[in-house]
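In mature numbering (1 follows the signal peptide of the UniProt record, and there is no 0), the protein residues as written are -23 to -1, 1 to 253. For reference, the structure discussed in these notes is given below.
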Amino acid sequence: MMSILKFCVISVLVFFYTSTVTAQGQPARTKRKAIICLTYDDALNSQLENAIPQLDSFGMKGTFFLNSIPGSTDVIGKGSDILLKWKQASSRGHELGNHTLFHPCPQKLGWQKDIAIEAYTLEQLLNEVQTAHLYIDQLEGKRAKRSFAYPCNNFEVQKKDYSERLRTFGFISYARAGGDNTSIVTDFSGLDKMKVPSWHVMEGTTGSQLIAYVDEAIKAGGLGIFQFHGIEGSLFRISNEAHLQLLKYLKENQDKVTVATFSDAMKMVEGMNLSK
Ligand SMILES: [Zn+2]
């Protein structure tokens, strides 16, 4: 039993670590392989039209944090293509994550008073998170837990951080927070799985800027998470070309970087922590 366990632990280590060998044939150092997650928020049509076909063409899996999806159309007898496409995305292995139902954000970011986070109690917000979970169950089948992304990267409701409540809530496995292009996780053992930082990619970011972030993650042997919105579409838009450049680069460097869904990446991180 112990030897099987040992073998598993060693296999995991071999999988996650690459070693370089000197001219003398001695191992020079071990370096952790970087992990990159491609995450996309708000269930935007440009993700269905552009991001997912690109990901599929490279055999890569993304994480899509969904809020409301239209389930009907204005044509009698015609179902919602959008609903169908998200179901298909899930069946092809893309991760569907929870992003609440109505996406409440702070008024200071332009949200109207009645629908802003300031209008919510903690209980209301948690009910919404649970409803969104059950809603995604209807799209792809039941799951005990899903990953979560904070709307507008905001942790607060009624001026209190609700991340601790999510940890014990039962429906949320890991939660993605915000950040910038320096947000690369290197301290895996100290990582709070309810506040995993990501780079909120801003409008007009170029392919080479996206690639520079991957290079930093490779250099650090860290976890880098892209937080995208519109791909050749509105909302923090980046071009199709920039997105394609990034995917090509990730494919070309697959010996140095693993592309994983957010949940798979977090499971890898937890596995590495356990094997220490
Ligand atoms: Zn959002």
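The C-beta atom is built at its ideal place from N, Cα and C for all residues, glycine as well. Note that the coordinates shown come from a computational prediction; the quantities given were computed from them, not determined experimentally.
| message | Suppose the cutoff is 6 angstroms on Cβ atoms and the five residues either side in sequence are ignored; what does the same chain contact list for LYS38 look like? | response | The count along the sequence shown starts at 1 and reaches residue 38 at position 61. Take LYS38, set aside five residues on each side of it, and the residues of its chain with a beta-carbon closer than 6 angstroms to its own are GLY70, HIS71, THR238, in chain order.
| said: I want to check one thing, is the minimum distance from the CB of PRO83 to the heavy atoms of ligand 1 below 7 angstroms? | reply: Reading the sequence shown from its first residue, position 106 is the one you call residue 83. PRO83: no, Cβ never under 7 angstroms from ligand 1.
| field | Sheet register partners of ARG144 (DSSP bridge) | value | Your numbering for residue 144 matches position 167 in the sequence shown. BP columns for ARG144 are empty, so no partner.
| field | Unbroken stretches of the beta strand (DSSP E), 3 residues or longer, contained in the stretch 23 to 103 | value | Look at the stretch 23 to 103 and you find these whole runs of beta strand (DSSP E), each 3 residues long or longer: 40 to 43, 72 to 75.
| Beta-carbon proximity list for SER67, same chain, < 7 angstroms, skipping 5 on both sides | The sequence position of residue 67 within the sequence shown is 90, counting from 1. Counting only Cβ-Cβ distances below 7 angstroms, and skipping sequence neighbours, we find LEU73, LEU116, GLU117.
| query | Within 10 angstroms of its Cβ, does LYS90 collect 16 or more other Cβ (buried), or is it exposed? | reply | In the sequence shown, residue 90 corresponds to position 113, counting from 1. Per the 10 Å Cβ criterion, exposed.
| field | Alpha-carbon to alpha-carbon, ASP192 and ILE161 | value | Position 184 of the sequence shown holds residue 161. Position 215 of the sequence shown holds residue 192. Each residue's Cα considered, the two are about 11 angstroms apart.
| message | Measuring CB atoms only, is the stretch 164 to 176 touching the stretch 228 to 235, in the sense that at least three cross pairs come out at less than 8 angstroms? | response | Look at the beta carbons and you see the stretch 164 to 176 not touching the stretch 228 to 235: under three pairs across the two are nearer than 8 angstroms.
| Does DSSP put PHE203 in a helix, in a strand, or in coil? | As a position in the sequence shown, residue 203 is number 226, starting the count at 1. If DSSP states are grouped into helix, strand and coil, PHE203 belongs with the strands.
| said: Taking the beta carbon of ASP58 as the centre, do at least 16 other beta carbons fall within 10 Å, making it buried, or is it exposed? | reply: Working through the sequence shown from its first residue, we reach residue 58 at position 81. Exposed, because fewer than 16 other Cβ atoms sit within 10 Å of the Cβ of ASP58.
| query | Any heavy atom of ligand 1 closer than 7 angstroms to the CB of PRO128? | reply | The residue given as residue 128 occupies position 151 in the sequence shown. Yes - ligand 1 has a heavy atom lying nearer than 7 angstroms to the Cβ of PRO128.
| Three-state secondary structure (DSSP) at TYR17? | On the sequence shown, residue 17 is found 40 positions in, with the first residue counted as 1. DSSP places TYR17 in strand when its eight states are reduced to three.
| request: Could you tell me if PRO30 is buried or exposed, where buried requires 16 or more neighbouring beta carbons within 10 angstroms of its beta carbon? | output: As a working note, residue 30 is residue 53 in the sequence shown. Classification for PRO30: exposed.
| field | Nearest to ASN230 (by Cα), restricted to the options ALA242, ASN22, ILE188 | value | The residue labelled residue 230 in the question sits at position 253 within the sequence shown. Of the candidates ALA242, ASN22, ILE188, the one whose C-alpha sits nearest the C-alpha of ASN230 is ILE188.
| Strand pairing of GLU133, partner residues [DSSP] | As a first step, residue 133 is located in the sequence shown; it is residue number 156 there, counting from the start. Paired residue(s): ASP138.
| field | DSSP-derived helix/strand/coil call for PHE165 | value | In the sequence shown, residue 165 corresponds to position 188, counting from 1. PHE165: coil per DSSP, three-state reduction.
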